[in-house]
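J.: In short: position in the sequence shown from 1, add 1011, done, that's our numbering. The following block contains the structure, expressed as structure tokens.
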Amino acid sequence: MISDSDKKTLEIGEELGRKLRKGTVVSLRGSLGAGKTVLAKGIAKALGIEEAIVSPTFTIVQEYDGRDMKMYHLDLYRLSGEDEFESMGGEEFLYPDGVTLIEWSEKIEDMLPDDTVYIDITINDDQSRDIEIKGAEL
Ligand SMILES: Nc1ncnc2c1ncn2[C@@H]1O[C@H](COP(=O)(O)OP(=O)(O)OP(=O)(O)O)[C@@H](O)[C@H]1O
Ligand SMILES: [Mg+2]
């Protein structure tokens, strides 16, 4: 899929968010500024989260209450690796009582559940984004 604006990326997130089932982990991959957090905002909107979504770079995890379930938003950019993830008790977010979105999930790639939904965002030369979704149908 191609997104040529923030708004389009939000809409793609929203459409995906409507289809997510409880317990799903969503891996958001892509370079700095690709639009991972924008997409997360779209998912949050679909889940009925009214609170503003802030980038959890420093806190690593932010928890939100949605209409029917919680959303955990993780940003592992500053995480050293799987050992640190385990010692912060990260595994509970891989089997959530809601949905978990993980930016920079590459850091814990081998720990992700088999049914993880993968979203890969690439910035094109014209600044549009290629958004590839694996493990879910829009
Ligand atoms: N098509 C697009 N989709 C999403 N964002 C876009 C698009 N075009 C431009 N942008 C801009 O790119 C930036 C994306 O920022 P965002 O915080 O979502 O990136 P990120 O992938 O979460 O980065 P980080 O790794 O730093 O967390 C925003 O400033 C947004 O306005
Ligand atoms: Mg981000």
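Quick reminder that beta carbons are idealized off the backbone N, C-alpha and C, glycines included.
Taking DSSP as the reference, what is the three-state secondary structure of Gly1133?
T.: Translated into the one-based positions of the sequence shown, residue 1133 becomes position 122. In the sequence under discussion, the amino acid at residue 1133 is Thr, which differs from the Gly named in the question. Of the three classes helix, strand and coil, the one that applies to Thr1133 here is strand, per DSSP.
J.: Return yes when the C-beta of Leu1149 is under 6 Å from any heavy atom of ligand 1, and no when it is not.
T.: Here the question's residue 1149 lines up with position 138 in the sequence shown. Checking the Cβ of Leu1149 against ligand 1 gives no.
J.: Would Lys1018 be called buried (16 or more neighbouring beta carbons within 10 Å of its own) or exposed?
T.: Taking the sequence shown and counting its residues from 1, the one referred to as residue 1018 is at position 7. The residue is exposed, with fewer than 16 neighbouring Cβ atoms inside 10 Å.
J.: Is Ala1045 close to ligand 1? I mean its beta-carbon at under 6 Å from any heavy atom of the ligand.
T.: Indexing the sequence shown from 1 puts residue 1045 at position 34. Checking the Cβ of Ala1045 against ligand 1 gives yes.
J.: What is the DSSP secondary structure of Arg1029, counted as helix, strand or coil?
T.: Your numbering for residue 1029 matches position 18 in the sequence shown. Residue state, collapsed to three classes: helix.
J.: For the region 1020 to 1038 against the region 1053 to 1068, do three or more pairs of beta-carbon atoms, one drawn from each stretch, fall closer than 8 Å, so that the two count as touching?
T.: The answer is yes - the region 1053 to 1068 touches the region 1020 to 1038, with three or more Cβ pairs under 8 Å.
J.: Between the C-alpha atoms of Glu1102 and Phe1096, what's the straight-line distance to the nearest angstrom?
T.: In the sequence shown, residue 1102 corresponds to position 91, counting from 1. In the sequence shown, residue 1096 corresponds to position 85, counting from 1. Each residue's alpha carbon lies about 7 Å from the other.
J.: Based on DSSP bridge pairs, tell me the residues matched to Gly1109.
T.: Start at 1 with the first residue of the sequence shown, and residue 1109 comes out as number 98. Paired residues: Lys1081.
J.: Out of Ser1098, Ile1064, Asn1135, Met1099, point me to the one whose CA is closest to Ala1112's CA.
T.: Translated into positions along the sequence shown, residue 1112 becomes position 101. Here residue 1112 turns out to be Leu, not Ala, going by the sequence shown. Ranking the options by Cα distance to Leu1112, first place goes to Ile1064.
J.: Check whether the region 1112 to 1124 and the region 1132 to 1143 are in contact - that is, three or more C-beta pairs closer than 8 Å.
T.: Verdict: no, contact absent.
J.: Quick one: using the 10 Å Cβ neighbour count with 16 as the cut-off for buried, is Pro1124 buried or exposed?
T.: Taking the first residue of the sequence shown as position 1, residue 1124 is located at position 113. The residue in question, Pro1124, is exposed, as its Cβ has fewer than 16 Cβ neighbours within 10 Å.
J.: Please give the ranges of any beta strand (DSSP E) in the region 1027 to 1073, keeping only runs that are unbroken, at least 3 residues long and fully inside the region.
T.: List check, beta strand (DSSP E) in window: 1036 to 1040.
J.: Helix, strand or coil: which one does DSSP assign to Ser1098?
T.: Residue mapping note: residue 1098 aligns to position 87 of the sequence shown, counting from 1. Helix at Ser1098.
J.: Starting from Ile1119, trace the beta strand (DSSP E) both ways and give me its first and last residue.
T.: Residue numbering aside, residue 1119 sits at position 108 when the sequence shown is read from its first letter. From DSSP, Ile1119 is part of no beta strand (DSSP E); its letter is neither H nor E.
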